[in-house]
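First the structure, in the form of structure tokens, and then the observations on it.
Residue numbers (the working numbering), protein chains in the order written: chain A, -14 to 357; chain B, 167 to 437.
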């Protein structure tokens, strides 16, 4: 080992099995590891103990409305793309209790606030997902009203990212400028080659976690291999999207016939929004016991595809699927920019894969552009 | 279906009277109330359980503040009985797929019931039954409906609580997919090609079936504005036979209007 810890910005090379040392260092530092692992029929994000829990030797074949796990011909650790889960499962859990209130001597008293945030180390964050986290940062931390629960989980999170060398059938991160290589914000970023991982050190904390790992500076040949793999990935995206002037395109076509056609297919089931790593619609419910003495204020994932979500005083502003689909798509690709200064889509393809009837946003936008 | 607007006001200094009554059904929904365990004690504390044959022998006469009605209307005498119960009930809640959609026994509605009677019973002449099995709302005004086969005990407790403290119950009308995704279950249809009614079925069960690797069979009935045509067409596209699609829609809540129309439409396609 040339020195105790590598420097920020350095590219180092480790034997693949050494990834366990990095994970051990994270655990020793008090992190809960969450990362990709096999569930029934899919690669999901869940708590893991180490490299043995990774979906080694598996890949996913993705098409609109279809996801299938397949054995790979090699033993790659990260030879798949993204599954039905995203990191918002941890940063913005689907259900959380914001507070508890009890009635004491005729008055209501807040007895408990949100539980302390776990310290997560995210293992295997892809480029699209890193950008999705940045986007949700803008939503929940960007303005004067921040979400303290999100802030706590986000600030403590360690990000071990992975560059994508084999994009999936519904991926279009290259079009959205979010991948296949991971942008800024990670602590460590891996590129998987045949026998080694190249590790880029993204932060002081990331460097510290390399301390127990046997590493050496990456060689020029290895770095070239990594660059070639990423360039190859960029050429092999399953989908493409022309993003030219998207807001104007959509705003000028609010009455396009395509909205009616997609509404005939759309189930308004909400799957696209649930799997989207940037969607953040939410509902807040007050749950009480039978006596009306203890209450919980509960936050849950909601969706702009539910009718209730668009119910405001006096009626429903988006009573039909056509209006709800249009709202979702124009928000994601146009008004999101007005609202948060960034496009809301990262090109991960989840909404295409997990739509039960395979509606493809890239195809819908192409149709509105008049290119189908 | 109307949400309760105000707190049930019982007679002075008495607890609200609760009745649980069944028609044609398996009793499973009533068991959901018994299955509430600790919360059941709170219920017993908060209301007077006046009529609940499944749970106790004592039967107090009406009127009742809240009546939970399980089961479908399938026999001639049911019609008068449900009208009597309606008159005796301030707030009538239909519980379960039978009471809200006619139940699995509503499969008879597509056939001649006499054929079934002859096939099943040694002495068909003893059987006096209606031609159809239909939901409670076919005969009387229902104040609230809780779906499912069986109902979900948390939803039931929420409705009872809502009545007691005077708040709106939370009974979502969106899809099962929302609950499936919240609990993190990978979609069985997308990842395995298992036909699933989740995208057109109302939530409330917490997506139990997909979590054990089965497709949703729609026991909570149609969600708000379900697109049954698109889902059915997709099932055909991924290789389901039209007959399978018909059977999928024509199930525990198959007689609910949207599912009924869907199964009829796909049946016509087979012809």
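We put the beta carbon where it would ideally sit given N, CA and C, even for glycine.
Pairwise C-alpha distance: residue j and residue i
i	j	result
residue 436(B)	residue 303(A)	35 Å
residue 323(A)	residue 314(A)	14 Å
residue 185(B)	residue 198(B)	15 Å
residue 377(B)	residue 349(B)	8 Å
residue 119(A)	residue 332(B)	42 Å
residue -10(A)	residue 151(A)	30 Å
residue 346(A)	residue 334(B)	37 Å
residue 231(B)	residue 392(B)	34 Å
residue 42(A)	residue 24(A)	14 Å
residue 262(B)	residue 33(A)	40 Å
residue 339(A)	residue 356(B)	6 Å
residue 319(A)	residue 140(A)	29 Å
residue 148(A)	residue 215(A)	8 Å
residue 257(B)	residue 323(B)	15 Å
residue 325(A)	residue 405(B)	43 Å
residue 206(B)	residue 90(A)	25 Å
residue 108(A)	residue 312(B)	42 Å
residue 382(B)	residue 351(B)	13 Å
residue 211(B)	residue 110(A)	52 Å
residue 38(A)	residue 375(B)	26 Å
residue 177(B)	residue 213(B)	With a pLDDT of only 49 at residue 177(B), under 50, the local geometry of the prediction cannot be trusted, and no value is derived from it.
residue -5(A)	residue 188(A)	10 Å
residue 262(A)	residue 162(A)	16 Å
residue 358(A)	residue 157(A)	Nothing about residue 358(A) can be reported from this structure: the residues present for chain A run from -14 to 357 only.
residue 95(A)	residue 130(A)	21 Å
residue 304(B)	residue 249(B)	11 Å
residue 408(B)	residue 426(B)	15 Å
residue 65(A)	residue 153(A)	8 Å
residue 379(B)	residue 343(B)	14 Å
residue 242(B)	residue 288(B)	21 Å
residue 348(A)	residue 180(A)	38 Å
residue 4(A)	residue 291(A)	43 Å
Within chain B, the residues that residue i reaches when beta carbons sit closer than 9 Å
i	result
residue 79(A)	347, 348, 349, 350
residue 354(A)	Within chain B, no residue comes near residue 354(A); the closest Cβ sits about 24 Å away, beyond 9 Å.
residue 74(A)	350
Neighbouring residues, chain B, relative to residue i (Cβ below 7 Å)
i	result
residue 52(A)	356, 357
residue 249(A)	396
residue 36(A)	Going along chain B, no residue has its Cβ under 7 Å from residue 36(A), so there is no contact; the nearest lies around 22 Å.
CB-CB length for residue i against residue j, believed under 8 Å
i	j	result
residue 364(B)	residue 346(B)	6 Å
residue 40(A)	residue 30(A)	With a Cβ gap of about 11 Å, residue 40(A) and residue 30(A) do not count as contacting.
residue 224(A)	residue 279(A)	With 8 Å as the limit, residue 224(A) and residue 279(A) do not qualify as a contact, their Cβ atoms being about 49 Å apart.
residue 116(A)	residue 73(A)	Not really, about 13 Å apart at Cβ, beyond 8 Å.
residue 273(B)	residue 420(B)	7 Å
residue 218(A)	residue -7(A)	With 8 Å as the limit, residue 218(A) and residue -7(A) do not qualify as a contact, their Cβ atoms being about 25 Å apart.
residue 19(A)	residue 75(A)	6 Å
Interface residues of chain A facing residue i [CB-CB closer than 9 Å]
i	result
residue 412(B)	Residues of chain A passing the Cβ test: none, with the nearest at roughly 19 Å.
residue 205(B)	274, 275
residue 386(B)	Within 9 Å Cβ-Cβ: nothing; residue 386(B) doesn't reach chain A, min ~14 Å.
8 Å Cβ cut-off: residues of chain A touching residue i
i	result
residue 327(B)	273, 274, 275, 277
residue 208(B)	274, 275, 276
residue 421(B)	In chain order: nothing, as chain A lies at least about 22 Å away.
residue 400(B)	50, 341, 342, 343
residue 182(B)	Neighbours of residue 182(B) on chain A: none; closest Cβ ~12 Å, over 8 Å.
Neighbouring residues, chain A, relative to residue i (Cβ below 7 Å)
i	result
residue 331(B)	273, 277
residue 379(B)	25
residue 336(B)	270
Heavy atom of the ligand NAP within 7 Å of residue i beta-carbon
i	result
residue 330(B)	For the structure depicted, the ligand NAP is absent and the ligand set is empty, with no information on it obtainable.
Proximal residues of chain B, C-beta to C-beta of residue i below 8 Å
i	result
residue 70(A)	350
### Task
Answer yes if the segment 246 to 253 of chain A comes into contact with the segment 304 to 316 of chain A, meaning at least three C-beta pairs across the two stretches below 8 Å, and no otherwise.
Because the criterion of three Cβ pairs below 8 Å is met, the segment 304 to 316 of chain A and the segment 246 to 253 of chain A touch.
### Query
Should the segment 193 to 213 of chain A be called in touch with the segment 170 to 182 of chain A, which here means at least 3 C-beta pairs below 8 Å?
Touching, yes, given that three or more Cβ pairs across the two stretches are closer than 8 Å.
### Message
Going residue by residue through the segment 291 to 361 of chain B, where are the continuous beta strand (DSSP E) segments of at least 3 residues, counting only ones entirely within it?
### Response
List check, beta strand (DSSP E) in window: 310 to 312.
### Runs of alpha helix (DSSP H) wholly within the segment 182 to 217 of chain A (minimum 4 residues, chain order)
You should have 189 to 193.
### Task
Say whether the segment 263 to 279 of chain B touches the segment 294 to 306 of chain B, bearing in mind that this needs 3 or more beta-carbon pairs closer than 8 Å, one atom from each stretch.
Yes: at least three Cβ pairs fall under 8 Å.
### Query
So does the segment 233 to 245 of chain B actually touch the segment 257 to 276 of chain B, counting three or more Cβ pairs closer than 8 Å?
Taking a cut-off of 8 Å for Cβ pairs, the segment 233 to 245 of chain B and the segment 257 to 276 of chain B touch, as three or more such pairs fall below it.
### Query
Along the chain, which unbroken stretches of the beta strand (DSSP E) at least 3 residues long are found entirely within the segment 287 to 320 of chain A?
Fully enclosed beta strand (DSSP E) runs of 3 or longer: not present.
### Query
Three or more beta-carbon pairs under 8 Å between the segment 403 to 421 of chain B and the segment 243 to 260 of chain B, yes or no?
Cβ pair count under 8 Å is below three, so no.
### Task
Could you pull out every unbroken alpha helix (DSSP H) segment of at least 4 residues lying fully inside the segment 232 to 268 of chain B, listed in chain order?
242 to 254, 262 to 267, all fully within the segment 232 to 268 of chain B.
#### Entry: Contiguous beta strand (DSSP E) assignments of at least 3 residues, all confined to the segment 121 to 157 of chain A
Residue ranges of uninterrupted beta strand (DSSP E) with 3 or more members, entirely inside the segment 121 to 157 of chain A and ordered along the chain, are 143 to 147.
### Task
Taking 8 Å as the threshold, find out whether the segment 78 to 87 of chain A comes into contact with the segment 48 to 62 of chain A through three or more Cβ pairs.
No, they do not touch.
### Query
Just checking, does the segment 227 to 239 of chain A make contact with the segment 46 to 53 of chain A on the three C-beta pairs under 8 Å criterion?
Contact between the segment 227 to 239 of chain A and the segment 46 to 53 of chain A is absent, because fewer than three Cβ pairs lie under 8 Å.
### Message
Going residue by residue through the segment 53 to 124 of chain A, where are the continuous alpha helix (DSSP H) segments of at least 4 residues, counting only ones entirely within it?
### Response
Those alpha helix (DSSP H) runs which fall completely within the segment 53 to 124 of chain A and span 4+ residues are 73 to 76.
### Task
Would you mind listing the alpha helix (DSSP H) stretches within the segment 354 to 409 of chain B that are 4+ residues and don't spill past its ends, in chain order?
As far as the segment 354 to 409 of chain B is concerned, its whole alpha helix (DSSP H) runs of at least 4 residues are 354 to 358, 374 to 377, 394 to 403.
### Task
Could you tell me which uninterrupted beta strand (DSSP E) segments, each at least 3 residues in length, are contained entirely in the segment 234 to 298 of chain A, listed from first to last along the chain?
List check, beta strand (DSSP E) in window: 267 to 273, 279 to 286.
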